[in-house]
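Undergrad:
In the numbering used here, the protein residues as written are 1 to 215.
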């Protein structure tokens, strides 16, 4: 898979997540399936003339804003348009704080599928796989993980693949959706290093990468 170029977008707020320590874990994981990873916290890489060289955008952010041109580049790249500048579509994977990022862009949140509302205290979550037949869930079984449960305002439709029960409601933990010609995955887990190194988290992220890239 070495021909695929990945943009791992990180930052911008280290108050709750130490991106200097966490991003190398994610980039190292993606490199195990021979993806070429560019790590950055600069949303200018979303500009139309700069994003076109990437095949996949993995968004592990907390904060940031999008300028109109950055928004145009990102959404156009995921949406795809064979007749215009975005041409070949890019896959998009949002992790954890991606739902609490670029909050000035309603269009980004709709593309992602949800907006962060709140999370209860860090606790052990029992994650249930409800669509084990989906490629993103390949060989992933129900699992426990100590993590933050991100409760989101959903922008449906999307297909929920995994849930965690909280206060009597199944809360989506992993979902997939189309956006134009592109594929989007959101994985709400991943608060810190222990979570990023959890076997099920890593399996889901690698499966998601293969799925959006069509490999």
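Cβ coordinates follow ideal geometry from the N, Cα and C atoms, glycine included.
1. Verify whether the separation of the beta carbon atoms of residue 112 and residue 164 is less than 8 Å.
2. What residue ranges within the segment 120–168 form continuous beta strand (DSSP E) runs of no fewer than 3 residues, ordered along the chain?
3. Around the Cβ of residue 121, are there at least 16 other Cβ atoms within 10 angstroms (buried) or fewer (exposed)?
4. Might you give, ordered along the chain, the residues of its own chain that have their beta carbon closer than 6 Å to the beta carbon of residue 39, omitting 5 neighbours on each side?
5. Could you tell me which whole beta strand (DSSP E) segments of length 3 or greater appear in the segment 17–51?
6. Could you give the distance in angstroms between the alpha-carbon of residue 71 and the alpha-carbon of residue 177?
7. Measuring straight from C-alpha to C-alpha, what distance separates residue 100 and residue 115?
8. Could you check how far apart the C-beta atoms of residue 93 and residue 208 are, in whole angstroms? I think they sit under 8 Å.
9. Terminal residues of the continuous alpha helix (DSSP H) containing residue 115?
TA: Looking at the coordinates:
1. Using a Cβ distance threshold of 8 Å, residue 112 and residue 164 do not count as a contacting pair.
2. For the segment 120–168, the continuous beta strand (DSSP E) assignments of 3+ residues that do not extend past its boundaries occur at 123–129, 143–147, 151–154 and 159–166, in sequence order.
3. It is exposed - the Cβ of residue 121 has fewer than 16 other Cβ atoms within 10 Å.
4. 8, 23 and 27, listed in sequence order.
5. Entirely contained in the segment 17–51, the beta strand (DSSP E) runs reaching 3 residues are, in chain order, 36–40.
6. Roughly 19 Å separates the two Cα atoms.
7. A direct Cα-to-Cα measurement between residue 100 and residue 115 gives close to 6 Å.
8. Indeed, because the Cβ distance is near 5 Å, the residues count as touching under 8 Å.
9. Run containing residue 115: none in the alpha helix (DSSP H); it sits in the beta strand (DSSP E), 114–118.
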